[in-house]
Structures are given as C-alpha cells and as structure tokens.
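Notes follow the structure.
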Amino acid sequence: MSKLCSFSMFVLVLLVALSLPKCLMGQRGVAPRDLWCVAKNNAADQALQEAINWACGQGGANCGPIQQGGACYDSNDIQRTASWAFNDYYLKNGLTDDACYFSNTAALTSLNPSFDKCKFPSSLSVNNGSIYASTGTIQMGPDNADLSSSSNRVGGTWFLPLFTSYLFVVFTWLIH
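Rendered as structure tokens:
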C-alpha cells in the first residue's frame, strides 16, 4: 500500500507541474528577462570615448542615434552615449559576456537605460541576431491582437490538468 501512496504522490506532483501555464515557464524553466549592455558608472571618460570610437567604427555599431540630431544624442553625458553604442554592438554580436566588455568599461543590466525619446532595444528584442523591435520592452503580440478568446485557451491549458490532479488525489484518498 505504501508503494501505491508513493506512486500517487509522484503522479500528483507531475500533474501539477505539467498544469502550470506555459507563460510562467521560460526557456529551460527560467523566465526570460530584458538585458542591456551599458557603460559602467566608474569608467573613465577617456576609456569610454575610446570604446565608443571602436564600437562605432570597427565594431560596426549603429551610432546614428547618438550623433547630433539623433534621438539619443547627449553631448553632456558620455555614459549615455557609450551605453547606446555598447548596447547596439552587444545586440548585434551574440548577446555574450564578451560582446559587453569594452575593456571592462561595460556591464549587463536589467534596468532599462532608455530616456526621453531614446529607446534602447533589449536582449529580448533580438531574434536570430537581428533587431526586430526598438521599444526596449517585451513584445507580446500586435497592438490590435484579439485576446477575447484567450480565457478558453488558458482554461484548457492549466485548469483541466489541475482539476484532474484534484480528482486523482480525492480518488487516492478514498481507496486508502
């Protein structure tokens, strides 16, 4: 009888785990999050300028937005300027730690560095190495998406297995 009880508990745990909504499970069970590559607060201005020059030149970053007249232009804040260049390079070069190093003047952050009209795209806005959104936010679907039928889908994905788990527990308790 003990083996039946252990098996019942195993099945219960398995059913509950499988009943979680898919939106709560990211890749490998971890929820994805936005990341940005930004200039470190303690980086020297000269080192940041050298890194900007490399990223915007040989590195191939799109530095148009940080040029005069661009949405991210700020001649008084080299950290914001560097952050744009670093982030663009990071997004185009594999989202790796190495792509956000810049002689130890850059770091990854989950805090959105966007300001005013300057919107930094994030790691979640990259699809197969090409930027498909520049909003800096998670894209959940088109703005005009019809979500009115989503409750049926949610009920079908998590409520039924959860209810089935409950019935299984009650049945197991009754036969003991």
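Residues -26 to -1, 1 to 150, numbered by mature numbering (1 follows the signal peptide of the UniProt record, and there is no 0), are exactly what the sequence shown covers, in order. For each residue, glycine too, the CB sits at the ideal point set by N, CA and C.
Spatial neighbours of residue i within its chain, please: C-beta separation below 6 Å, excluding the five flanking residues on both sides.
i   : result
F94 : W10, N61, P87, S88, G110
K66 : none
D48 : R54
A35 : A29, A59, D62, Y63
E24 : none
CB-CB under 7 Å to residue i, same chain, minus the five flanking residues each way: which ones, in chain order?
i   : result
A21 : S77, T79
A45 : P39, K91, C92
S84 : R7, D8, L9
Could you tell me which residues DSSP pairs with residue i in its beta bridges?
i   : result
C92 : F89
W58 : Answer is none; W58 lacks a bridge partner.
A18 : A18 pairs with nothing; no bridge assigned.
T83 : W10
Can residue i and residue j be called in contact, C-beta distance under 8 Å?
i           : j   : result
A13         : A73 : no
G33         : Y63 : yes
N40         : W58 : Rather than Asn, the amino acid found at residue 40 in this sequence is Ile. In this structure, W58 lies closer than 8 Å to I40 by Cβ.
residue 151 : L69 : Residue 151 lies beyond the range of the chain shown here (-26 to 150); nothing can be said about it.
D90         : I52 : no
Near residue i, what residues of its chain come up, given a Cβ to Cβ distance below 8 Å and the 5 sequence neighbours on each side ignored?
i    : result
N16  : none
C37  : I26, A29, C30, W58, A59, D62
G103 : Its pLDDT being 46, under 50, G103 is placed unreliably by the model, and the measurement read from it follows with that caveat. Cβ within range, chain order: K66, G68.
I105 : Interpretation of I105 is limited by its pLDDT of 48, a score under 50 that renders its predicted location unreliable; the figure taken from the coordinates is listed afterwards. Answer for I105: L65, K66, P95, S99, listed in chain order.
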